[in-house]
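Asks:
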Amino acid sequence: MKRVSPARPTVPVEKKVKSTPHAVPEKVPYTDYAQDLTGELIEGTFYAELQKVADNGFYPVEIVLKKRKKKDGKVEHFVKFLGYPEKFNSWVSNVKLI
Numbered sequence: 001m002k003r004v005s006p007a008r009p010t011v012p013v014e015k016k017v018k019s020t021p022h023a024v025p026e027k028v029p030y031t032d033y034a035q036d037l038t039g040e041l042i043e044g045t046f047y048a049e050l051q052k053v054a055d056n057g058f059y060p061v062e063i064v065l066k067k068r069k070k071k072d073g074k075v076e077h078f079v080k081f082l083g084y085p086e087k088f089n090s091w092v093s094n095v096k097l098i
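Counting with UniProt numbering, you get residues 1 to 98 for the letters of the sequence shown.
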């Protein structure tokens, strides 16, 4: 431990960097920023990982919240999708519960 006089402010000392004739690359992990389906950024950084994903257009419904009938006679349901936050709740015409 080093004693410092309270009257004398401390100033950080700059470290001398050894210069080399060639550049040394820094080892930085490749990270990526993720977005949800609405384009909103998800907090944090993630390691980029390539995966094959097949989007078949099927999203499982957790619960039907509301029901409405349109003027043309079609019935729509306000649903919450399984595994998605509430901001993705939406009106759909065809509902198949799990």
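Glycine is no exception: its CB is placed at the ideal position from the N, C-alpha and C atoms. Please read these numbers as outputs of a predicted model, since none were measured by experiment.
Near residue 54, what residues of its chain come up, given a Cβ to Cβ distance below 8 Å and the 5 sequence neighbours on each side ignored?
Replies: Locating residue 54 in the sequence shown gives position 54, where the first residue counts as 1. There are no such residues.
Asks: For residue 31, which residues in the same chain have their Cβ closer than 8 Å to its Cβ, ignoring the five residues on either side in sequence?
Replies: What you label residue 31 is simply residue 31 of the sequence shown in a count that begins at 1. Same-chain partners within the cutoff: 45, 46, 47 and 48.
Asks: Kindly list the residues whose CB is nearer than 8 Å to the CB of residue 89, restricted to its own chain and excluding five residues on each side of it in sequence; keep chain order.
Replies: Numbered from its first residue, the sequence shown carries residue 89 at position 89. Within the same chain, residue 89 has close Cβ partners 65, 78, 79, 80 and 81.
Asks: Just to check my reading of the structure: residue 62 and residue 68 have Cβ atoms closer than 8 Å, yes? What is that Cβ distance to the nearest angstrom?
Replies: In the sequence shown, residue 62 corresponds to position 62, counting from 1. In the sequence shown, residue 68 corresponds to position 68, counting from 1. Between residue 68 and residue 62 the Cβ distance is about 19 Å, and since that is not below 8 Å, they are no contact.
Asks: What is the rounded straight-line gap between the Cα of residue 71 and the Cα of residue 33?
Replies: Locating residue 71 in the sequence shown gives position 71, counting from the first residue. Locating residue 33 in the sequence shown gives position 33, counting from the first residue. Going from the Cα of residue 71 to the Cα of residue 33 covers about 43 Å.
Asks: For the beta strand (DSSP E) containing residue 67, list its first residue and its last residue.
Replies: The residue you call residue 67 lines up with position 67 of the sequence shown. Per DSSP, residue 67 belongs to the beta strand (DSSP E) from 61-69.
Asks: Please find out if some non-hydrogen atom of the ligand NAD comes closer than 6 Å to the beta-carbon of residue 51.
Replies: By its list of ligands, the structure shown contains no ligand whatsoever, and the ligand NAD lies outside what it can speak to.
Asks: Do you know how far the Cα of residue 74 is from the Cα of residue 91?
Replies: As a position in the sequence shown, residue 91 is number 91, starting the count at 1. As a position in the sequence shown, residue 74 is number 74, starting the count at 1. Rounded to whole angstroms, residue 91 to residue 74 spans 12 Å at the Cα level.
Asks: In terms of residues, what are the limits of the beta strand (DSSP E) holding residue 93?
Replies: As a first step, residue 93 must be located in the sequence shown, where it is residue number 93. Residue 93 -> no beta strand (DSSP E), and no H or E assigned at all.
Asks: Expressed to the nearest angstrom, what Euclidean distance is found between the alpha-carbon atoms of residue 43 and residue 86?
Replies: The sequence position of residue 43 within the sequence shown is 43, counting from 1. The sequence position of residue 86 within the sequence shown is 86, counting from 1. When rounded, the distance between both Cα atoms is 17 Å.
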